[in-house]
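Protein chains in written order, with my numbering: chain A, 1 to 260; chain Y, 261 to 540.
Using N, Cα and C, we set each Cβ at its ideal position, and we do this for glycine too.
Small disclaimer: the values here were computed from a predicted structure and weren't measured.
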Amino acid sequence: MNATPLLALDATGVSVRFNGAGKGVTALSNVSFTLEQGGFLTLLGPSGCGKSTLLRVIADITKPTSGAILVLGKTPDEARRNREIGFVFQESALLPWCNVIDNVRLPLAVGGKHKKAANQGPSAEELLALVGLAGWEKSFPHELSGGMRQRVAIARALLGGPKLLLMDEPFGALDEITRDRLNEEMLRIWRETGTTVVFVTHSIYEAAFLGQQVMMLAARPGRVREIIQIDLPEPRKLALRETADFTKMAGYLRTVLETC
Amino acid sequence: MSVQTMESQETADAALQETADASWVARQRSEAFERYLMPVIGTVLLVVVWWLIIVAFKVPPYIAPSPVAVAVTFANKFQLLFSNLVPTALEALGGFLIGNVLAVATATVFVHSRRIERIVYPVAVLLNSIPIVAKVPILILLLGNGMEPKIAIAALIVYFPTLVNMVRGLQAVSPQSMELMHILSATKAEVFWRLRLQTSLPYLFSALKIAASTATLGAIVGEWIGSQVGIGALIIQATYNFDSELLYATVLMGAFFSLAFFLVILGAERAFVRWQPESR
């Protein structure tokens with residue numbers, strides 16, 4: 001019997017170097033951390049701190065130059081092939097020629113022998129209802145607002161019930177009102193699905209509001225500055241951001257960010 | 261605000277919405293009017309100016325015919341014109357099909373192998389830089405005097421623009437879409453059929469629209485040397501006989517076919533590429 005439950009993420013000494021012009025760039029330097037299953041981790045840091053690179057290493061898009069990361073006890077490559085990872089990009093990356101429901105079902109349509117895994121978990125219709133888009137199945141991406149397109153992208157990432165949801169500034173291109181609403185909904189989706197979320201953002205408020213933990217990264221080279229526990233009353237609602245506790249937490253994050 | 265004023269406010273809003281809708285419909289209608297009427301006005305003006313010049317300067321019919329004479333010839337000799345259009349149309353269609361299929365196939369290979377692209381692309385550029393009228397005699401020597409050299413010319417003329425557009429189209433996939441496909445462990449074939457091919461369609465159709473006219477052009481030019489039938493042969497015969505009325509009527513027949521060909525491709529584009537709002 002396994003006494004300790006499987007970690008969602010277990011990184012040891014992960015470094016990524018890009019060999020560009022001149023000396024090349026060290027995007028990540030010796031990053032080590034662990035994340036338990038069911039957690040909500042936000043990655044925060046100045047631009048060039050490698051937070052997107054770290055997300056791409058977890059998703060097996062980028063290979064680490066040295067070090068290793070275990071995703072649910074497996075290599076990122078294995079986790080990806082088992083369909084244990086869902087990914088949401090800053091741009092929704094929906095297929096413009098497919099309607100909403102076919103976009104959500106894309107994980108069922110591609111992936112060779114791996115696509116069978118997408119049959120697990122909730123159906124595409126259930127996921128659309130989860131993200132608040134029931135009734136929009138037959139619409140096309142260009143008929144939707146930016147916020148709605150991101151909801152579709154979230155539903156698509158959740159098809160097959162992945163245990164780990166990676167989000168790369170998913171609401172970064174949206175207006176503030178839409179962003180606030182989606183932040184609150186993101187927490188509801190996280191609670192209802194029970195999936196582990198790693199969320200990249202450059203907004204202090206978003207990082208503090210969403211994260212159970214905030215991983216602060218420093219730039220040049222990208223490295224972990226501090227992992228901060230966010231102890232705020234649950235379930236979190238938007239009004240939380242007006243409280244003194246939240247302001248204090250955001251203030252603390254800002255102080256740490258300034259040293260990065 | 262009382263209930264009553266709210267209701268009247270709503271009625272007012274609804275009325276406002278209705279007027280807005282009505283004016284939108286009216287604007288659409290006048291826009292459609294503008295879009296379809298203006299080209300007609302342009303064409304009619306061209307014919308009127310042509311006719312006026314013929315009448316005013318007393319241009320003799322062996323130099324240029326009047327539009328009326330051309331129309332009469334077109335109607336009287338429709339049988340002759342149509343029987344000569346058939347081979348030209350078949351050559352243009354055949355060349356269009358062969359050239360475009362080869363171009364799409366080449367583009368597909370290029371996207372999957374940089375090395376083959378580096379070897380073949382300069383050859384394609386080189387062949388394309390030979391003027392079409394210079395290729396005609398070479399192909400007639402190679403392929404004889406039947407339809408084959410004309411089809412080959414039409415195919416050669418459409419090949420290059422489609423190749424260039426198709427390579428660009430297949431590569432126009434966003435990096436995020438490629439990363440998404442990677443996360444879903446998509447195979448190369450799936451990426452091609454599900455992502456690249458669909459992305460390339462607007463590029464392909466802009467090439468096909470050009471190809472519809474150039475394939476016709478290729479077939480006609482191919483018929484200029486040693487051909488007995490076809491629009492190109494008829495053009496040469498009419499010119500040598502100073503039969504300007506027949507010459508103009510023949511050109512008109514060729515132009516009608518080219519236009520119809522273009523419109524068919526345009527219709528196909530609207531049917532297949534519905535998802536890109538800009539193209540509508």
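Is it true that the stretch 513-533 of chain Y meets the stretch 348-359 of chain Y, where meeting means three or more beta-carbon pairs spaced less than 8 Å apart? yes
Interface positions of the stretch 421-453 of chain Y facing chain A (Cβ-Cβ less than 7 Å), listed along the chain: Ser434, Gln436, Ser437, Glu439, Leu440, Met441, His442, Ile443, Leu444, Ser445, Ala446, Thr447 and Glu450
Compare the C-beta of Val25 (chain A) with all C-beta atoms of chain D and state if any pair is closer than 8 Å. Structure shown: chain D not included; protein chains present are A and Y.
Based on the DSSP secondary-structure assignment, which residues constitute the bridge partners of Ile227 (chain A)? A:Met215
So, helix, strand or coil for Asp168 (chain A), using DSSP? strand
Within its chain, find whatever has a CB closer than 8 Å to the CB of Gly39 (chain A); leave out the 5 residues flanking it on each side and keep chain order. Ala8, Thr196, Val197, Gln212 and Gln213
Give the residues of chain A in contact with Trp284 (chain Y), contact being defined as C-beta atoms less than 7 Å apart. Neighbours of Trp284 (chain Y) on chain A: none; closest Cβ ~18 Å, over 7 Å.
Residue-level contact to chain A via CB, Gln488 (chain Y), 8 Å cutoff: Not an interface residue.
Bridge partner(s) assigned by DSSP for Ser11 (chain A): This sequence places Ala at residue 11 (chain A); Ser is not what is there. BP columns for Ala11 (chain A) point to A:Phe33 and A:Ile69.
Using 8 Å as the threshold, is the stretch 394-401 of chain Y in touch with the stretch 328-342 of chain Y, meaning 3 or more CB pairs across them? By the criterion of at least three beta-carbon pairs nearer than 8 Å, the stretch 394-401 of chain Y is not in contact with the stretch 328-342 of chain Y.
For Arg81 (chain A), go through chain Y and note every residue whose CB falls closer than 8 Å to its CB, in chain order. Ser445
Give me the chain Y residues within the contact set of Ile85 (chain A), using Cβ-Cβ distance strictly less than 8 Å, ordered along the chain. Ile443
Please confirm if the stretch 482-498 of chain Y is in contact with the stretch 298-316 of chain Y, defined as three or more CB-CB distances below 8 Å between the two stretches. no
Quick check: Phe246 (chain A) and Ala208 (chain A), are their CB atoms within less than 8 Å of each other? yes
Tell me which residue opens and which closes the alpha helix (DSSP H) that Leu512 (chain Y) is part of. Ser504 to Phe532
Cα-Cα separation, Pro421 (chain Y) to Leu468 (chain Y): Taking C-alpha positions only, Pro421 (chain Y) is separated from Leu468 (chain Y) by approximately 9 Å.
Which term fits Glu294 (chain Y), buried or exposed, when burial requires 16 or more other beta carbons within 10 angstroms of its beta carbon? exposed
Any C-beta of chain Y under 8 Å from that of Tyr252 (chain A): Using a CB distance cut-off of 8 Å, Tyr252 (chain A) does not count as an interface residue toward chain Y.
Chain Y contact residues for Val110 (chain A), given Cβ-Cβ distances below 7 Å: Simply Met441, Leu444, Ala446, Glu450 and Arg454.
Shortest alpha-carbon distance to Val224 (chain A) belongs to which of A:Val25, A:Gly20 and A:Thr42? A:Thr42
Leaving out five residues on either side along the sequence, give the residues of the same chain with a beta carbon under 8 Å from the beta carbon of His142 (chain A). Once the five neighbours on either side are set aside, the close Cβ partners of His142 (chain A) are Pro96.
Distance cutoff 8 Å, beta carbons only. Does Trp535 (chain Y) sit that close to anything in chain A? So, interface residue.
Check Lys115 (chain A) in the structure and name its three-state DSSP category. helix
Taking 8 Å as the threshold (C-beta atoms), are Glu91 (chain A) and Gln436 (chain Y) in contact? Taking 8 Å as the cut-off, the beta carbon of Gln436 (chain Y) is found closer than this to the beta carbon of Glu91 (chain A).
Below 9 Å on C-beta distance, what does Ile61 (chain A) contact in chain Y? Glu439, His442 and Ile443
So is Gln497 (chain Y) in contact with chain A if we call contact Cβ pairs under 8 Å? no
Return the first residue and the last residue of the beta strand (DSSP E) that Val200 (chain A) is part of. That run of the beta strand (DSSP E) goes Thr196 to Val200.
N-terminal and C-terminal residue of the alpha helix (DSSP H) that Leu187 (chain A) is part of: Glu176 to Thr193
Quick one: using the 10 Å Cβ neighbour count with 16 as the cut-off for buried, is Arg80 (chain A) buried or exposed? Label assigned to Arg80 (chain A): buried.
So, do the stretch 409-416 of chain Y and the stretch 467-481 of chain Y have three or more beta carbon pairs nearer to each other than 8 Å? Yes: the two stretches touch, three or more of their Cβ pairs being nearer than 8 Å.
Is the beta carbon of Leu55 (chain A) closer than 8 Å to that of Val200 (chain A)? yes
Unbroken stretches of the alpha helix (DSSP H), 4 residues or longer, contained in the stretch 412-461 of chain Y: 435-443
Rounded to a whole number of angstroms, what is the C-alpha to C-alpha distance between Glu192 (chain A) and Asn99 (chain A)? 25 Å
Proximal residues of chain Y, C-beta to C-beta of Glu91 (chain A) below 8 Å: Ser434 and Gln436
Backbone CA spacing between Ser32 (chain A) and Ala68 (chain A) [nearest angstrom]: A direct Cα-to-Cα measurement between Ser32 (chain A) and Ala68 (chain A) gives close to 9 Å.
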